[in-house]
Amino acid sequence: MTEPLVLYSVYNKVATITLNRSEKRNALNPELVNLLTESFLRAAEDEQVKVVLLKANGAVFSAGADLNYLLQLQQNSYEENLADSENLKRLFTTIYYLPKIVIAQVEGHAIAGGCGLATICDLIYAVPEANFGYTEVKLGFVPAIVSCFLLRKTSESIAKQILLTGDLFTAQKAFDYGLINYVTPAAEINQTVMDCALKLCTETSANSLMVTKQLIGQTNNPQLEKMLDFAVHINARVRDSDDFKKGIAAFINKEKINW
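The sequence shown maps to residues 180 to 438 in my numbering.
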């Protein structure tokens, strides 16, 4: 029997959503994106859930886009790529606007879309060994949707450094940049994250958490929806570019790209 791509469980008012595609380094594809969105919506509607914990099985939190998915993108029409970009936007906005607090527990590398998935959460814990990065420019792609959220978490100068170089950086750097909240040793992260989640459940008002999260999101991001709509169209357009096709072909064939 095939294991589900996303696991969902509830304990003491904490819903745990787990990426369960470790054999593919928890790489994102349309099915996984849709299942994650459904899981977060399930948690949002569950009156027994107060806090949501996002984590991943395996050594990598998420390596970004799946190889077969990248191949498919090259064959898609503009309309198909537009719809696909809308699905990724829907996942990210579902997390961002979720009426529950979302905690990310990052115990492996979080790359490209996987980095966006982690850093869009409300509170982010990572082990020191985890690397982060938006590597899209190295593949002829653009970090369009995730950039809308990144620019709200850090300065324009740091955002340019991260997005334009495409380089990986450590969990400590991610903390210094303001992308994550805590760097926690691997031996302690399970207990530390659960302690945080249970403290929120027992010491704070669910309604107050929801309204405070909404207040921060809506007052800090008055143009977010407009930016995201623009980013979705950029995403779809760049996928039809020669550079994107060249970059993905080289990546899949494990060849050095001569830009």
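A virtual CB, placed ideally from N, CA and C, is assigned to each residue, including glycine. This structure is a prediction, so every number in the text was calculated from the model and none was measured.
Buried or exposed for residue i, going by 16 or more other Cβ atoms inside 10 Å?
{"i": "LYS433", "result": "exposed"}
{"i": "LEU270", "result": "buried"}
{"i": "VAL395", "result": "The question names Val, but residue 395 is Ile in the sequence shown. Classification for ILE395: exposed."}
{"i": "SER336", "result": "exposed"}
{"i": "ASP245", "result": "buried"}
{"i": "VAL372", "result": "buried"}
{"i": "ASP421", "result": "exposed"}
{"i": "VAL390", "result": "exposed"}
{"i": "PRO322", "result": "buried"}
{"i": "GLU224", "result": "exposed"}
{"i": "SER334", "result": "exposed"}
{"i": "SER384", "result": "exposed"}
{"i": "ASP374", "result": "exposed"}
{"i": "ILE196", "result": "buried"}
{"i": "THR216", "result": "buried"}
{"i": "SER264", "result": "buried"}
{"i": "THR363", "result": "buried"}
{"i": "LYS203", "result": "buried"}
{"i": "LYS279", "result": "buried"}
{"i": "ILE368", "result": "buried"}
{"i": "LEU343", "result": "exposed"}
{"i": "ILE341", "result": "buried"}
With a Cβ-Cβ cutoff of 8 Å, do residue i and residue j count as a contact?
{"i": "ALA415", "j": "TYR257", "result": "yes"}
{"i": "ASN191", "j": "VAL239", "result": "no"}
{"i": "VAL230", "j": "PHE219", "result": "no"}
{"i": "LEU211", "j": "VAL185", "result": "yes"}
{"i": "ALA283", "j": "VAL228", "result": "no"}
{"i": "ASN213", "j": "ASN260", "result": "no"}
{"i": "VAL222", "j": "VAL306", "result": "The sequence given here has Ala at residue 222, not Val. Not a contact, by the Cβ cut-off of 8 Å."}
{"i": "LYS332", "j": "LEU358", "result": "yes"}
{"i": "ALA350", "j": "ALA309", "result": "yes"}
{"i": "TYR304", "j": "VAL285", "result": "yes"}
{"i": "GLY287", "j": "GLY345", "result": "no"}
{"i": "LYS268", "j": "ILE324", "result": "yes"}
{"i": "LEU330", "j": "ALA338", "result": "yes"}
According to DSSP, is residue i part of a helix, a strand, or is it coil?
{"i": "THR314", "result": "coil"}
{"i": "PHE409", "result": "helix"}
{"i": "LEU198", "result": "strand"}
{"i": "ILE436", "result": "coil"}
{"i": "ILE337", "result": "helix"}
{"i": "PHE348", "result": "strand"}
{"i": "PHE240", "result": "strand"}
{"i": "ILE359", "result": "coil"}
{"i": "SER218", "result": "helix"}
{"i": "GLN227", "result": "coil"}
{"i": "VAL285", "result": "strand"}
{"i": "ILE431", "result": "helix"}
{"i": "SER256", "result": "coil"}
{"i": "LEU184", "result": "coil"}
{"i": "ILE368", "result": "helix"}
{"i": "VAL189", "result": "strand"}
{"i": "LYS234", "result": "strand"}
{"i": "ALA305", "result": "strand"}
Could you give the C-beta distance for residue i and residue j, rounded to a whole number, given that I count them as a contact under 8 Å?
{"i": "VAL234", "j": "GLY319", "result": "Before going further, note that residue 234 is Lys rather than Val in the sequence given. Not a contact, Cβ separation roughly 31 Å."}
{"i": "ILE299", "j": "TYR276", "result": "In fact, because the Cβ distance is near 11 Å, the residues do not count as touching under 8 Å."}
{"i": "SER241", "j": "ILE290", "result": "7 Å"}
{"i": "LYS392", "j": "ASP301", "result": "7 Å"}
{"i": "THR439", "j": "LEU407", "result": "One cannot answer for residue 439 here, as it falls past the ends of the chain, which runs 180 to 438."}
{"i": "PRO209", "j": "ASN199", "result": "Not confirmed; about 16 Å, so no contact."}
{"i": "ARG418", "j": "LEU252", "result": "5 Å"}
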